[in-house]
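Have a look at the structure below before the remarks.
There are 2 protein chains.
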Amino acid sequence: MQVSRRGWLKNAGVACFGAASGGLAASLCGASTPSGAGAPPLPWPYVKLDPDAVAAAAYEMHYKGGCCFAVSGSIIGELAKKVGAPFTTWPTAVMTYGGAGVAGVGSLCGALNGAAMVTFLLAGSSEKEKQSKASEITRDIFNWYAQTALPTFRPAQPKFETVKVICRSNLCHVSVTKWCKASKCKFSSKEREERCACLSGSVAKHTVELLNAHLAGEFKAAYKLPAEAQKCRDCHDKGSAREDSRAQMDCGVCHFTKTPHPQL
Amino acid sequence: MQVSRRGWLKNAGVACFGAASGGLAASLCGASTPSGAGAPPLPWPYVKLDPDAVAAAAYEMHYKGGCCFAVSGSIIGELAKKVGAPFTTWPTAVMTYGGAGVAGVGSLCGALNGAAMVTFLLAGSSEKEKQSKASEITRDIFNWYAQTALPTFRPAQPKFETVKVICRSNLCHVSVTKWCKASKCKFSSKEREERCACLSGSVAKHTVELLNAHLAGEFKAAYKLPAEAQKCRDCHDKGSAREDSRAQMDCGVCHFTKTPHPQL
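As given, the protein sequences belong to chains A and B, one line each in that order. Each number in my numbering comes from the position in the first sequence (counting from 1) with 4 added on. Each number in my numbering comes from the position in the second sequence (counting from 1) with 4 added on.
Pasting the structure below:
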C-alpha cells in the first residue's frame, strides 16, 4: 500500500485517537517524545530467510534504487513478508542514499553499507556483546567482499554475462574501476549496471547466509585480513608502538604499491 | 519512553485492534505487507533547527554510540522533539553500525555516513529531482569535510583541547591517522575520542546549516573538488575517453603521491 505523506500523518492521527493506550500509537502523538521511543529496540526479530530468494529480489531492486537500497530493502522486504511489523514500518527508500559509494562519491560500496546496516538492525543493539557480534559479522562480510571474485550471483535471465573480479577493497570506485579494466566496459555502461545488480544480489545472499548461521548459533568468521596487511597492523594497530591507524583493510591496495602516473 | 521488544509488539497489536481504519496501524498488522508500506514517504517533514543545539546533542551522543549514531540521532532527535511522528518511530540505535568507519573497519567516516542518511531522509525521495538535490547537498558536506580544518565545534566544557586538521578524505582511517600525527596522540586515547566527539558535533552542525538553507530554498553548493582532482576527472569521468573511475574525491590523497615505506 502506498501512503501519501499527508495521508500517513492523518492516519497517524487516527491511530492516536483510536488507540491512545497503545505504546506505539501514543508515542507517535507526542511532539516531546524522544526519537526512537516509538520503535522496538534492537535487534529486530530475524527469522531464517532463503538466500536465493533474497538475492533475486536484490538484483531486481538494484534497477529501482541502486545497491544500498537493494541489499537492505531485499532483506527487510522478505522479513516484512514473513514477520510483518516492525519491518513494515522501515522507510525502505532512505537507503538509496548509499548508492554509488554514497551519493555518487565512490566511497564505501553501497551494497556493503546496506549489508552493515541490516546486520546491526538484526543482530546488534546498544548492548556491548550484541554490538560486538554484529560488528564481527559485518567485518566478515567486508573481508569476504574484498577477497572473493565477484559477482557470485547470476540471475535466471542475465542482461549480460559478467566478468568476475577480486577488488581487495570495500570502496565503490576501486571495485568499479577494477571491473572496468577487466571487462573493458565504461562505468556508465549497461554492462556495469548489470554487474553491480549482480553484486547487490551476491552481497544480499552472503549476508543472509551469515545471518542464518548467526540465528542457528553457528556463525564463525571465515575471512581474515591478508597476511601482508596483518603485518602492517603489527606496528600501527592498538597496543603497538605507533598505534596511529585504526583500520581493518588491505593496506597495500592504496599504500606503497603505486606505479607513477603515465606521462601526460 | 523505553519500550521492550515484547511490549512494542503487544502495543502494535493494540494499535491494530483499536485503529484498524488507520493506514499506519493497519499496515503494521499485515504479515504480507511490503516493507515500507507503514512508513510515510520521503522526504520526512523537516523544520528549521538550531545548529548549535544539534551540535551539542551530537557531541554528547557520540560518547553513547559513536559518530554515525550521534550525527543521525541528534538531528532526528531534535525533529522528534519539535515534530513528533514520524521521527519518533525511527530506530535511532541502528546507526551505531557506522561507527569507526563501519564496524571499526576504518572505511567511510561514520559522521559523514550518518549525515548522508539524514540528508536523504529529509531532502530525498524516489523522485529523481529530490534524489539529485539530496545527493548535491551530501557531496557538498563531503567536500567541506575534506577541505576544512576540523573539528570546528568546541563544547562548552571540553575534556581536552583539540588540534584541528584538514584530512582531504572522507575515510575514517585517513582522518584519524592525520589527527594522530598532528596531535601525537594514539587512536585509542581519550583525546582521540574527544576529537571525534567534536567532529560529530561539527558535522551535525554543518548538516543542519545546509538543511536549513535547503528549507529556505537558498542552498547552493559551496565546495568543489580540488583543481588537481578535477584534472584527473577530465580523463576518467563520464564522457571522457577512458571513463573508468566513478568518484568525487581528492585522488592525490591515495594515488601517485606516496613516498616509500621506511625501511623495516
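Glycine included, C-beta positions come from ideal geometry on N, C-alpha and C.
Cutoff 7 Å; reference residue i; Cβ partners in own chain excluding five residues on either side
{"i": "V212(A)", "result": "L53, P55, V58 and I79"}
{"i": "S244(A)", "result": "D238"}
{"i": "D248(B)", "result": "H240"}
{"i": "T92(B)", "result": "A84"}
{"i": "H210(B)", "result": "I145 and W148"}
{"i": "M65(A)", "result": "F73, A74, G77 and S78"}
{"i": "C236(A)", "result": "C255"}
{"i": "F191(A)", "result": "V180 and C184"}
Cβ-based neighbour list, residue i, same chain, cut-off 6 Å, excluding 5 preceding and 5 following
{"i": "N289(B)", "result": "Nothing about residue 289(B) can be read from this structure; chain B reaches only from 5 to 268."}
{"i": "S193(B)", "result": "none"}
{"i": "P159(A)", "result": "Y63"}
{"i": "K224(B)", "result": "none"}
{"i": "H265(B)", "result": "none"}
{"i": "V169(A)", "result": "K182, W183 and A186"}
{"i": "W94(A)", "result": "I80"}
Cutoff 8 Å: residue i Cβ touching any chain A Cβ
{"i": "P264(B)", "result": "yes"}
{"i": "S238(B)", "result": "The sequence given here has Asp at residue 238(B), not Ser. Judged by the 8 Å Cβ criterion, D238(B) is not in contact with chain A."}
{"i": "V309(B)", "result": "What the structure shows of chain B is the stretch from 5 to 268, and residue 309(B) is not part of that stretch, so it cannot be assessed."}
{"i": "Y50(B)", "result": "no"}
{"i": "H218(B)", "result": "no"}
{"i": "R199(B)", "result": "no"}
{"i": "V169(B)", "result": "no"}
{"i": "M65(B)", "result": "no"}
{"i": "G128(B)", "result": "yes"}
{"i": "T166(B)", "result": "no"}
{"i": "Q252(B)", "result": "yes"}
{"i": "S187(B)", "result": "no"}
{"i": "C258(B)", "result": "yes"}
{"i": "V106(B)", "result": "yes"}
{"i": "H210(B)", "result": "no"}
{"i": "T156(B)", "result": "no"}
{"i": "Y101(B)", "result": "yes"}
{"i": "A62(B)", "result": "no"}
{"i": "P162(B)", "result": "no"}
{"i": "G69(B)", "result": "yes"}
{"i": "F223(B)", "result": "no"}
{"i": "L215(B)", "result": "no"}
{"i": "M5(B)", "result": "Reliability of the predicted coordinates at M5(B) is poor, the pLDDT of 35 falling under 50, and no value is obtained from them."}
Nearest-angstrom Cβ-Cβ length linking residue i and residue j, presumed shorter than 8 Å
{"i": "N174(B)", "j": "A150(B)", "result": "6 Å"}
{"i": "F164(A)", "j": "E140(A)", "result": "Not really, about 36 Å apart at Cβ, beyond 8 Å."}
{"i": "F157(A)", "j": "S187(A)", "result": "Actually they are not in contact, since the Cβ atoms of F157(A) and S187(A) sit about 17 Å apart, beyond 8 Å."}
{"i": "C81(B)", "j": "A60(B)", "result": "According to the sequence displayed, residue 81(B) carries Gly and not Cys. Wrong, their Cβ atoms sit about 12 Å apart, outside the cutoff."}
{"i": "E197(B)", "j": "P162(B)", "result": "The Cβ separation is near 12 Å, so there is no contact."}
{"i": "L219(A)", "j": "L112(B)", "result": "Not really, about 28 Å apart at Cβ, beyond 8 Å."}
C-beta contact flag for residue i and residue j at 8 Å
{"i": "T123(B)", "j": "A138(B)", "result": "yes"}
{"i": "C189(A)", "j": "S179(A)", "result": "no"}
{"i": "W183(B)", "j": "V167(B)", "result": "yes"}
{"i": "A115(B)", "j": "V75(B)", "result": "yes"}
{"i": "G70(A)", "j": "T96(A)", "result": "no"}
{"i": "L214(A)", "j": "I145(A)", "result": "yes"}
{"i": "S204(A)", "j": "Y50(A)", "result": "no"}
{"i": "A120(A)", "j": "T152(A)", "result": "no"}
{"i": "H177(B)", "j": "A251(A)", "result": "yes"}
{"i": "P44(A)", "j": "P90(A)", "result": "yes"}
{"i": "T100(A)", "j": "Q135(B)", "result": "yes"}
Residue-level contact to chain B via CB, residue i, 8 Å cutoff
{"i": "E247(A)", "result": "yes"}
{"i": "T152(A)", "result": "no"}
{"i": "S204(A)", "result": "no"}
{"i": "L53(A)", "result": "no"}
{"i": "K134(A)", "result": "no"}
{"i": "N184(A)", "result": "This sequence places Cys at residue 184(A); Asn is not what is there. It does: the Cβ of C184(A) has a partner Cβ on chain B nearer than 8 Å."}
{"i": "Q267(A)", "result": "no"}
{"i": "K190(A)", "result": "yes"}
{"i": "A41(A)", "result": "yes"}
{"i": "V75(A)", "result": "no"}
{"i": "Y227(A)", "result": "no"}
{"i": "G110(A)", "result": "yes"}
{"i": "S31(A)", "result": "Below a pLDDT of 50, predicted positions are generally treated as unreliable, and S31(A), at 34, falls in that range; no measurement from the model is reported."}
Chain-order list of residues whose beta-carbon lies under 8 Å from that of residue i (same chain, five-residue window excluded)
{"i": "R246(B)", "result": "C239 and H240"}
{"i": "W48(B)", "result": "L83, P90, F91, L125 and L126"}
{"i": "N216(B)", "result": "K52, L53 and P55"}
{"i": "Y67(B)", "result": "E197 and A201"}
{"i": "A233(B)", "result": "M253, D254, C255 and G256"}
Three or more C-beta pairs below 8 Å linking the stretch 226–233 of chain A and the stretch 252–262 of chain A: yes
Cβ contact check for the stretch 126–141 of chain B and the stretch 102–113 of chain B: 3 or more pairs under 8 Å: no
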